[in-house]
Amino acid sequence: MSNSPLSIGTRRELFVDETLIDRRDRASLRLAHPERREVVFQGGAPWEDTTLGAYSLVQTDSAIRLYYRAAIPDLKKEAICIIAMAESHDGGRSFQRPDLGLVEFQGSKKNNILWHGPDPLVPPAFLDTRPDCPPESRYKGLSLLGWEKIGAVGSPDGLHWHRIGPDTLKMDGTFDTINTAFWDSLTGCYRSYTRMFADPATGIPYPKDGINWAIGVRAIQTATSSDFIHWSPVQPLQYQDGDLETQMYTNGITPCPGAEHIYIGFPNRFVQIRENVQGPSGDGCNDALFMCSRDGVHWTRYREAWVRPGLDQRNWTHRNNYPSWGILTTSDTEWSMLVSEHYMQKDQEPCKLRRLSIRPWGFVSLSAGYDGGEAVTHPLVFDGHTLRLNYATSAAGNIRIEIQDPAGQPVPGFSAADMPPLFGDHLDTPVAWKQGSDLSALAGKPVRFRFILKDADLYAFRTVTV
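At the far end of the sequence shown sits residue 1115, using our numbering, and the numbering has no gaps.
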């Protein structure tokens, strides 16, 4: 980090990495895990099979849409697939199949199918938030055109899709996965995250005509574009852990809601050396990871699983536990994602999509145990007048905050001794010292925050002007 103070304005800052932290003592960054909740969608329609899997979740004003692969009718012809869409009207707790009347299946159009055929025109979809986005392409995505080709598609309504620009984009990669993209409002460009196969010794992408499928590592690459058609050369993602051998099937990357300057990802990790007995073909099993980035290229990747397969033995087979792409606001106190279960079981058990319950902004915490710990930030410049925290303590735990000058000396009136300890569980609660909560005299000046924790987790903080 440079010697200049970091300006955070009034944005919400998350403790997902070490960016803000200058030093820690008996406090750590602890990965939080989602809770598996109810099954929200299950295969079983005549046009669905055991390869069903979530593509993306899109939250509209009237409903939540789930774009998903319903089937691969012939596994020897994987390019031919069925893409469908389901909807939820209860915050993502259940999904139903609307009768779209678009694609005929076995003599009837009474189904929720969007595509049936090779090279699907329907992608993992997203809503384009670019201010001048043409209405005919309000929905967008990257569609698979064979393993080594990809295309840009758009739709006015998320149902009727068309090509944008040339049939095939000029982009290197190996695209048999859930390829993602979105409009990045902070940098004013589109970002894509797609698959590459890399040399496990160097991390360098294999050339398109020289992929060694036996030893190649499934990895993630990124590119940017101003128009969704012309893309910059792809860049392999770089990780602080230096591990070049982790196989990542999907990426699930998106700006964090309410903290869009931080990119978060939920890649599915494939552990190929595990032998399974329940799956129909191929060894290996999968779990899901959490990772984050401040620039979209350099990532902090937690090697501990974010989602484990769990007690259900049917989830210990390959290509299970895929997180959906997209985060839902289920309520004021809960976010949701979906995770896949029971993929390609020998007895044709239907695939399931189960809801994951997530604390808002609660992916990683600055955490300390009962004996206590603390962390001090680098010098920061904020614009707000009141400090607010997202935190949780035990009944015996607490949090105190001290504001320091850049040299590390307590600012008069804002020392730890001047603050009544906080306890409880809150997502966005104000902080006050004995003299009050008004920080306007410190706004615009470089200060450090010293967070002192006892049996507590601190997920995020921000300053507000109201």
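For each residue, glycine too, the CB sits at the ideal point set by N, CA and C.
Please work out which residues of its chain come closer than 8 Å, Cβ to Cβ, to residue i, disregarding the five sequence neighbours upstream and downstream, and give them in chain order.
i	result
Gly907	Arg661, Pro1009, Trp1010
Ala1017	Arg675, Ala676, Ser677, Glu1023, Leu1102, Lys1103, Asp1104, Ala1105
Gly865	Phe846, Ala847, Asp848, Pro849, Tyr855
Can you give the Cα-Cα distance for residue i and residue j, rounded to whole angstroms?
i	j	result
His811	Ile732	15 Å
Arg1049	Asp1067	9 Å
Pro916	Ala720	22 Å
Ser1089	Asp768	57 Å
Ser1006	Phe744	16 Å
Leu706	Ser985	10 Å
Gly1062	Leu1038	19 Å
Phe824	Ala774	15 Å
Arg672	Pro683	28 Å
Phe1116	Cys941	The displayed coordinates of the chain run from 650 to 1115. Any statement about residue 1116 would go beyond what the structure contains.
Thr843	Ala872	9 Å
Ala800	Ile813	The question names Ala, yet the displayed sequence has Gly at residue 800. C-alpha separation (whole angstroms): 8 Å.
Ala1081	Tyr1040	15 Å
His1027	Ala1056	10 Å
Pro972	Arg957	11 Å
Gln1084	Ala1044	26 Å
Gln994	Pro722	15 Å
Asp1054	Ala1065	14 Å
Tyr716	Ala735	7 Å
Asp892	Gln921	16 Å
Phe1110	Thr982	16 Å
Going by DSSP, name the residue or residues bridged to residue i.
i	result
Lys1001	Gln691, Glu990
Pro1059	Gln1053
Gln887	His947
Asp1032	The partner list for Asp1032 (beta bridge, DSSP) is empty, contrary to what the question assumes.
Arg918	Met897, Asp936
Met845	Ala868
Asp1074	Ala1041
Pro854	Ala847
Ile1007	Trp984
Cys905	Ala908
Val707	Arg714
Gln745	Glu736
CB-CB under 7 Å to residue i, same chain, minus the five flanking residues each way: which ones, in chain order?
i	result
Thr895	Arg918
Phe1138	Because the chain spans 650 through 1115 in this model, residue 1138 falls outside it and cannot be assessed.
Pro885	Met845, Ala847, Gly852, Pro854, Ala868, Gln870
Leu680	Phe939, Tyr951, Glu953, Trp955, Val1013
Glu924	Asp932
Glu697	Ala719, Ala720
Ala728	Pro767, Asp768, Gly795
Thr826	Arg844, Tyr898, Thr899
Should residue i go down as buried or exposed, given a rule of 16 or more other Cβ atoms within 10 Å for buried?
i	result
Thr1042	buried
Leu770	buried
Ser1014	buried
Pro882	exposed
Gln1058	exposed
Asn652	exposed
His967	buried
Gly658	exposed
Asp1106	buried
Thr979	buried
His738	exposed
Asp936	buried
Ala850	exposed
Ser792	buried
Pro904	buried
Thr700	buried
Ile1052	buried
Asp816	exposed
Leu724	exposed
Ser656	exposed
His631	Any question about residue 631 goes unanswered here, given that the chain covers just 650 to 1115.
Gly741	buried
Gly914	buried
Gly790	buried
Asp996	exposed
Ser804	buried
Glu990	buried
Enumerate in chain order the residues of its own chain whose CB-to-CB distance from residue i is below 6 Å, with the five nearest sequence positions on each side excluded.
i	result
Asp833	Arg840
Pro1116	Nothing about residue 1116 can be read from this structure; the chain reaches only from 650 to 1115.
Tyr1019	Asp1104
Cys838	Thr873, Ser875
Leu749	Asn761
Tyr1108	Trp1010, Gly1011, Ser1014, Asn1039
**Message:** Quick test of the definition: if touching needs 3 or more C-beta pairs under 8 Å, does the segment 779-791 touch the segment 821-836?
**Reply:** yes
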